[in-house]
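Every letter in the sequence shown is one number past the one before it in my numbering, and letter 146, counting from 1, is 149.
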Amino acid sequence: MKKWVWTFAEGSAAMRDLLGGKGAGIAEMTRAGLPVPPGFTISTEACREYYRLGQRFPDGLWEQVVTALARVEEQVGRHFGDPDAPLLVSVRSGGKFSMPGMMDTVLNLGLNEKTLAGLARITGNERLACDAHRRLIQMYGRIVLGISGERFEQVLTAQREQAGAAIDADLSVDDLRAVIQAFLAIVEEETKRPFPSDPLRQLRQAIEAVLRSWMGRRAREYRDFHRIPHDLGTAVNVQAMVFGNLGANSATGVCFTRDPRTGENHLFGEYLPNAQGEDVVAGIRTPHKVEDMAGEMPTVYRQLVEFARRLQRHYRDMQDIEFTVERGKLWMLQTRTGQRTAQAAVKIAVDLHDEGLITREEAVDRVRADQLEQLLHRRIDPSAHVQPVARGLNASPGAASGRAVVDPDRAQELGRAGQRIILVRPETSPDDVHGMLVAEGILTARGGATSHAAVVARGLGKPCVAGCEALIIDLET
Numbered sequence: 004m005k006k007w008v009w010t011f012a013e014g015s016a017a018m019r020d021l022l023g024g025k026g027a028g029i030a031e032m033t034r035a036g037l038p039v040p041p042g043f044t045i046s047t048e049a050c051r052e053y054y055r056l057g058q059r060f061p062d063g064l065w066e067q068v069v070t071a072l073a074r075v076e077e078q079v080g081r082h083f084g085d086p087d088a089p090l091l092v093s094v095r096s097g098g099k100f101s102m103p104g105m106m107d108t109v110l111n112l113g114l115n116e117k118t119l120a121g122l123a124r125i126t127g128n129e130r131l132a133c134d135a136h137r138r139l140i141q142m143y144g145r146i147v148l149g150i151s152g153e154r155f156e157q158v159l160t161a162q163r164e165q166a167g168a169a170i171d172a173d174l175s176v177d178d179l180r181a182v183i184q185a186f187l188a189i190v191e192e193e194t195k196r197p198f199p200s201d202p203l204r205q206l207r208q209a210i211e212a213v214l215r216s217w218m219g220r221r222a223r224e225y226r227d228f229h230r231i232p233h234d235l236g237t238a239v240n241v242q243a244m245v246f247g248n249l250g251a252n253s254a255t256g257v258c259f260t261r262d263p264r265t266g267e268n269h270l271f272g273e274y275l276p277n278a279q280g281e282d283v284v285a286g287i288r289t290p291h292k293v294e295d296m297a298g299e300m301p302t303v304y305r306q307l308v309e310f311a312r313r314l315q316r317h318y319r320d321m322q323d324i325e326f327t328v329e330r331g332k333l334w335m336l337q338t339r340t341g342q343r344t345a346q347a348a349v350k351i352a353v354d355l356h357d358e359g360l361i362t363r364e365e366a367v368d369r370v371r372a373d374q375l376e377q378l379l380h381r382r383i384d385p386s387a388h389v390q391p392v393a394r395g396l397n398a399s400p401g402a403a404s405g406r407a408v409v410d411p412d413r414a415q416e417l418g419r420a421g422q423r424i425i426l427v428r429p430e431t432s433p434d435d436v437h438g439m440l441v442a443e444g445i446l447t448a449r450g451g452a453t454s455h456a457a458v459v460a461r462g463l464g465k466p467c468v469a470g471c472e473a474l475i476i477d478l479e480t
């Protein structure tokens with residue numbers, strides 16, 4: 004029978020075509036002995052076969068998924084759907100070429116009313132369990148069931164206002180229970196069915212949703228812009244959950260082994276304490292600089308610096324790393340070659356050559372022709388005496404001017420008509436990519452230098468200012 008599923012221990016960096024960039028990177032970190040939560044990868048071949056069969060699982064795929072899941076259960080000592088010691092998993096995409104945020108992710112799969120109580124018991128943290136449950140319903144409802152994300156956001160906003168909470172992390176257990184009940188009612192109203200309580204059904208439908216996201220609008224437009232073939236397919240990574248929202252000694256973050264804006268040789272990144280994976284890249288909160296971790300979690304920070312150094316020497320290029328800290332233990336979730344500005348591309352190529360990691364020929368090949376054009380992009384005259392009206396984070400350098408547009412659909416329309424526009428958003432989500440592709444520059448009120456807006460902007464060579472907290476955006480008028 005055709006092999007569709009590979010455990011992380013079976014893969015390697017050489018299997019990028021088959022396992023996608025994320026799966027190959029996770030497998031390589033596993034082989035190197037870095038702390039990686041166990042899991043498995045569904046191959047890109049399975050995705051291509053899924054579409055060839057009219058969006059149906061190929062023979063043997065689901066059986067191989069169930070077998071691989073049993074191996075994960077053995078490794079972590081917990082069981083998927085067990086009410087006493089539940090295993091939760093994430094499902095993430097991962098194509099051959101990096102497409103930051105363009106496909107879908109579902110976290111906390113395996114939660115229902117029974118496993119919720121078990122998670123609260125084994126973590127000793129009822130709030131974490133409730134927060135994980137509301138995140139599952141919200142992500143699953145939007146991604147798998149196709150319910151508008153605005154419906155869930157309206158409930159969260161109303162609950163924060165009622166509780167006097169500034170951010171979701173300030174909501175109490177009772178607040179979260181109220182949110183969960185409201186979310187479940189939305190699902191039943193929209194789908195005419197209750198939220199699925201069977202963990203295996205949750206997992207299968209989440210895998211299908213990630214496979215479908217390969218041909219979603221934002222993924223197709225991103226591939227068109229970057230001339231990535233549409234027939235490659237995505238891999239799907241299923242991984243045991245680790246939790247960055249278990250309290251003050253837990254965190255989640257993203258870092259680069261060099262500064263992706265300038266190429267400077269130092270660890271660059273951001274993290275959020277007591278948060279879960281998507282919070283940093285989604286830009287819903289403005290995070291802390293990764294160097295602040297040296298004071299807050301010194302042992303973890305030293306480990307992160309060492310792991311980042313090892314990965315950069317291994318791959319001989321700047322790496323983009325996702326990590327989670329669960330009760331003081333560092334877990335590595337992803338490594339991939341990082342997106343960078345043209346200025347950074349030149350400096351990194353020269354420095355890696357000078358450090359003896361790449362040859363002169365490789366250094367020349369690391370800088371694309373379109374990046375050389377970006378070096379000529381406009382900048383603000385340093386001798387000009389201008390008074391800034393607000394300040395944010397330099398997420399992607401350069402200067403741009405244009406008409407401020409707050410709706411990505413309108414931005415795409417005006418941009419295609421030849422108008423110069425600046426896309427202005429509270430925070431960007433991957434669904435905004437069509438507006439970002441035509442914008443001269445991007446401005447966000449929230450988020451940091453590792454948010455979706457920043458990563459995509461650097462890859463596009465567009466100026467981006469993120470986390471401009473003085474900015475108040477009225478999306479209603």
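We treat Cβ as the ideally placed atom computed from N, Cα and C, and that holds for glycine.
Expressed to the nearest angstrom, what Euclidean distance is found between the alpha-carbon atoms of Val459 and Val241? If you draw a straight line from the Cα of Val459 to the Cα of Val241, it is about 25 Å long.
Contacts around Lys99, its chain only, beta-carbon distance under 8 Å, and the 5 residues preceding and following it disregarded: Arg19, Asp20, Gly23, Gly24, Thr47 and Leu235.
Measuring CB atoms only, is the segment 186-203 touching the segment 109-129, in the sense that at least three cross pairs come out at less than 8 Å? With the cut-off at 8 Å, the segment 186-203 and the segment 109-129 touch.
Considering only their Cβ atoms, is the gap separating Asp87 from Ser3 smaller than 9 Å? Outside the modelled stretch of the chain, which goes from 4 to 480, sits residue 3, for which no answer is possible.
In whole angstroms, what separates the C-alpha of Ala452 from that of Gly63? Taking the straight line from one Cα to the other gives about 42 Å.
What number of angstroms, rounded off, separates the C-alpha of Leu91 from the C-alpha of Pro41? Approximately 12 Å, taken between the alpha carbons.
For Val239, collect the residues of the same chain with a Cβ closer than 6 Å to its Cβ; drop the 5 residues on either side in sequence, then sort them by chain order. Excluding sequence neighbours, Val239 sits near Ile45, Ile210 and Val213.
Buried or exposed: Pro276, going by 16 or more other Cβ atoms within 10 Å of its Cβ? Buried, since its Cβ has 16 or more Cβ neighbours within 10 Å.
Any chance you could list the beta strand (DSSP E) runs of at least 3 consecutive residues sitting entirely within the segment 11-44, in chain order? The segment 11-44 contains no whole beta strand (DSSP E) run of 3 or more residues.
Who are the Cβ neighbours of Thr484 in its own chain at under 7 Å, not counting the five residues just before and after it? Residue 484 is absent from the structure shown; the chain starts at 4 and stops at 480.
Would you say Glu294 and Leu314 are within 9 Å of each other, going by their C-beta atoms? Contact flag unset, no.
Identify the continuous alpha helix (DSSP H) that holds Pro385 and give its terminal residues. It is not in any alpha helix (DSSP H) - Pro385 carries neither H nor E in the DSSP assignment.
Coarse secondary structure for Lys350, derived from DSSP in three states: Helix at Lys350.
Can you give the Cα-Cα distance for Arg428 and Thr447, rounded to whole angstroms? Using only the alpha carbons, I get a separation of about 5 Å.
How would you write the range of the beta strand (DSSP E) that Met335 sits in, first residue to last? Lys332 to Thr340 is the span of the beta strand (DSSP E), which, as asked, contains Met335.
Check whether the Cβ atoms of Val389 and Gln415 sit closer than 9 Å, and answer yes or no. No, Cβ-Cβ distance for Val389 and Gln415 is not below 9 Å.
C-beta contact flag for Gly444 and Cys467 at 9 Å: Yes; because the gap between Cβ atoms is below 9 Å, this pair is in contact.
Taking 8 Å as the cut-off, does the segment 164-173 touch the segment 140-148 (at least 3 CB pairs, one atom from each stretch)? With a cut-off of 8 Å, the segment 164-173 and the segment 140-148 do not count as touching, because too few Cβ pairs lie within range.
Closer than 7 Å by C-beta to Val370: which residues in its own chain qualify, once you throw out the five before and the five after it? Chain order, please. Taking C-beta separations shorter than 7 Å and ignoring five residues to either side along the sequence, the partners of Val370 in its chain run Ala348, Val349 and Ala352, following chain order.
Which residue comes first and which comes last in the alpha helix (DSSP H) that contains Ser216? If you look at Ser216, you'll find it in the alpha helix (DSSP H) that goes Pro202 to Ser216.
Can you look up Gly272 in the DSSP assignment and give me helix, strand or coil? Assigned with DSSP and collapsed to three states, Gly272 falls in strand.
How is the alpha helix (DSSP H) around Thr160 delimited, first residue to last? Annotation: the continuous alpha helix (DSSP H) that includes Thr160 extends over Gly152 to Ala166.
For the beta strand (DSSP E) that contains Leu446, what are its first and last residues? Leu446 -> beta strand (DSSP E) spans Gly444 to Thr447.
Can you give me the C-alpha to C-alpha distance between Ala132 and Val39, rounded to a whole angstrom? Spanning the two alpha carbons is a distance of roughly 22 Å.
Take every Cβ of the segment 418-435, pair it with every Cβ of the segment 394-401, and state whether three or more of those distances are shorter than 8 Å. Because the criterion of three Cβ pairs below 8 Å is not met, the segment 418-435 and the segment 394-401 do not touch.
Gln279 and Ala372 closer than 9 Å at C-beta: Not in contact: Gln279 and Ala372 (Cβ atoms no closer than 9 Å).
Does DSSP put Asp357 in a helix, in a strand, or in coil? Helix, per DSSP.
What are the partner residues of Asp323, as DSSP defines its beta bridges? In the DSSP output, where bridge partners are listed per residue, Asp323 has Phe259 and Arg339.
Minimum C-alpha distance to Leu159 - residue among Ala16, Ile183 and Val408: Nearest C-alpha to Leu159: Ile183.
Taking only the alpha-carbon atoms, compute the straight-line gap between Ser454 and Val283 and give it to the nearest angstrom. So the two alpha carbons sit approximately 6 Å from each other.
Suppose you measure from the CA of Ser432 to the CA of Ala456; what does that come to, to the nearest Å? If I take the Cα positions, the gap works out to 8 Å.
Selection from Pro301, Gly359, Arg288 and Asp262 that minimises the alpha carbon distance to Asp323: Nearest of Pro301, Gly359, Arg288 and Asp262 to Asp323, Cα basis: Asp262.
On the criterion of 16 or more Cβ atoms from any shown chain inside 10 Å, does Ser386 qualify as buried, or is it exposed? It counts as exposed.
Three-state secondary structure (DSSP) at Ile170? Here Ile170 sits in coil by DSSP.
Three-state class that DSSP yields for Leu249 in the structure shown: Here Leu249 carries a coil assignment [DSSP, helix/strand/coil].
Could you pull out every residue in the same chain whose Cβ sits closer than 6 Å to the Cβ of Leu122, ignoring the five residues on either side in sequence? Excluding residues within five positions, the ones whose Cβ falls inside 6 Å are Pro89 and Ala132.
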